[in-house]
Amino acid sequence: MINIKGYTLLNETVDFWMEVFIPDYELFFFKKENPINNRQLFRYVSKRSINLNSRTSFTTWKPNQFSQKIIKVTNHDFSKLDCNLKEKIITEQYSLGRGLIFNENDLEVLIKGLTPYHKRKCLEILSENRYQYNKNTNILHIRRPQWDQFTHEMKITFLSNYATWWIDEASSWEEIDIKIKQRFTINHPVTANVLNKFPEQSGPNCLAATASVVSNDLSKLYQWMEPNEFKETLNLFDYKQSNRLKWNQEDVLVWFNESDEIVHSAFAVDEKWAFNKQGQTMFHPWQLIEIDRVVQAWNNTSLKVYSNK
């Protein structure tokens, strides 16, 4: 069991992370033309075809903002490319913000806590994937073949450090009155095994977290839920928008953007605390968090309160 900013990463959960964190293929994004001329070495893919674990690994939402084309390349076919072409591709990916490519300073942070021997081993394994981004910056590309050479200890340390980058707020678990936690899990038993813990895979989002509590339906907790299904769940359990500007216990808090689209939700455990999941990745834990902190995190959107009372 591992502590990450006060959240619990179970041993069986980190085992899942080790398997899904580095896909067994590459996704590359290009602003203009794909520089790989051999059509047999890649295939074009759509944004919607990329599964949620891979979206997290490759942080696809960053390059998606700028890229016109996405290709999928097997590790075997990528190894066939010459060094100059590899460097051209990887440096463009880094500039676009694609995941699994780190500068040397970031990598030092990610392997912090390893023994000097394991640090050297890690850098040795990744040395074949080192490229010069500019005269001041070298970058390292982590691929599945190299990841599989990491020891168990190296993988755990890397993932634990990486997960901290995704968590804005440390856990408040220890400061929450035990009676509040007990009451919430008794009233909403679907949360009993996940509170203050991380999911095994990416996908479960804020809407699913809230809907699972509203419905006490465990199957909803682990899914990626779309806004329409979320609205249907609120309607099914008689949650209506309230005119109140302040929330009460068991209310649902929903944030909307300027286009009146749902962007976040949380469940009011009481007037102070909320059950919340701040993102859809496996690095975002299910949490009890002060509502004021959630409000602050989404202060550029519009909050509406829903109640069934």
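35 is the number that my numbering gives to position 33 of the sequence shown; each next residue is one higher, with no gaps.
Just so it is clear, CB atoms sit at the ideal spot from N, CA and C, and this is done for glycine as well.
All of these numbers come straight from a predicted model, not from anything done at the bench.
*Since Ala211 sits in a beta bridge, which residues does DSSP pair it with?*
DSSP output for Ala211 lists no bridge partner at all.
*Is Asn136 near the ligand HEM, going by C-beta to nearest heavy atom under 8 Å?*
For the ligand HEM, the structure offers nothing, since it holds no ligand at all.
_Collapsed DSSP secondary structure at Glu94 in the structure displayed_ = In the structure shown, the three-state DSSP call for Glu94 is helix.
*Own chain, CB closer than 6 Å to Ile306, minus 5 neighbours either side, in chain order*: Looking at the sequence itself, residue 306 is Lys, so the reference to Ile does not match. Short of 6 Å from the beta carbon of Lys306, and not among the five residues preceding or following it, lie these beta carbons of its own chain, in chain order: Gln243, Val256.
*asked:* Give me the residue from Pro229, Asn136, His78, Ala210 with the minimum Cα distance to Ile264.
replied: Of the listed residues, the one whose Cα sits closest to Ile264 is Pro229.
*Alpha carbon to alpha carbon, what distance is there between Thr62 and Leu54?*
Those two C-alpha atoms are separated by around 10 Å.
*Taking the alpha helix (DSSP H) that Ile127 falls in, what are its first and last residues?*
Note, Ile127: alpha helix (DSSP H), 118-128.
*Note down, in chain order, each residue of its chain lying with its Cβ closer than 7 Å to the Cβ of Ala194, except the 5 sequence neighbours on either side.*
If we look at Ala194 and ignore the five residues flanking it on each side, its Cβ neighbours are Thr187.
_Can you give me the C-alpha to C-alpha distance between Leu209 and His266, rounded to a whole angstrom?_
Approximately 7 Å, taken between the alpha carbons.
*asked:* At the level of alpha carbons, what is the spacing between Leu161 and Lys137?
replied: Approximately 29 Å, taken between the alpha carbons.
*asked:* DSSP three-state label for Trp226, please.
replied: Note: Trp226 maps to coil in three-state DSSP.
*Cut-off 7 Å between Cβ atoms - residues of its own chain near Glu171, not counting five sequence neighbours on either side*: Hits under 7 Å: Ile291, Arg295.
*asked:* Tell me which residues share the same chain as Glu106 and place their Cβ nearer than 8 Å to its Cβ, disregarding the 5 neighbours each side in the sequence.
replied: Correct list, in chain order: Thr139, Asn140, Ile141, Leu142.
*Euclidean distance between Cα positions of Ala213 and Val254*: Looking at the two C-alpha atoms, the distance is approximately 9 Å.
*asked:* Given this structure, state the Cα-to-Cα distance separating Phe232 from Gln203, to the nearest angstrom.
replied: The alpha-carbon of Phe232 is positioned some 21 Å away from that of Gln203.
*State the start and end residues of the unbroken alpha helix (DSSP H) segment that holds Glu21.*
Unbroken alpha helix (DSSP H) run through Glu21: 13-22.
*Run through DSSP, which three-state label would Ile73 get?*
DSSP places Ile73 in strand when its eight states are reduced to three.
_With a threshold of 8 Å on Cβ separation, who are the neighbours of Arg145 within its own chain once the five nearest residues in sequence on each side are excluded?_
Once the five neighbours on either side are set aside, the close Cβ partners of Arg145 are Ile24, Glu28, Asn77, Phe80, Leu102, Asn131.
*DSSP three-state assignment for Ser244, whether helix, strand or coil*: Here Ser244 sits in coil by DSSP.
_8 Å Cβ shell around Leu87 - same chain, five flanking residues per side excluded_ = Once the five neighbours on either side are set aside, the close Cβ partners of Leu87 are Pro37, Ile38.
*In three-state terms, what does DSSP make of Phe32?*
Three-state DSSP puts Phe32 in a strand.
*Paired residues, beta bridge with Arg146 - DSSP*: None; Arg146 has no bridge partner.
*asked:* If I follow the unbroken alpha helix (DSSP H) through Asn189, where does it start and stop?
replied: Judged by DSSP secondary structure, Asn189 falls within the alpha helix (DSSP H) whose first and last residues are 180-189.
*Figure out for me which residue from Leu197, Tyr241, Asn198 has the closest Cα to the Cα of Ser375.*
Not covered by the structure: residue 375. The range shown for the chain is 3 to 311.
*Leu112 in three-state terms, based on DSSP*: Residue state, collapsed to three classes: helix.
*asked:* Using a Cβ-Cβ cutoff of less than 7 Å, which residues in the same chain neighbour Lys222 once the five nearest sequence positions on both sides are dropped?
replied: Excluding its 5 nearest sequence neighbours in each direction, Lys222 has C-beta neighbours in its own chain below 7 Å: Ala210, Ala213, Ser214, listed in chain order.
*The beta strand (DSSP E) spanning His266 covers which residue range?*
Run containing His266: 264-270, per the beta strand (DSSP E) assignment.
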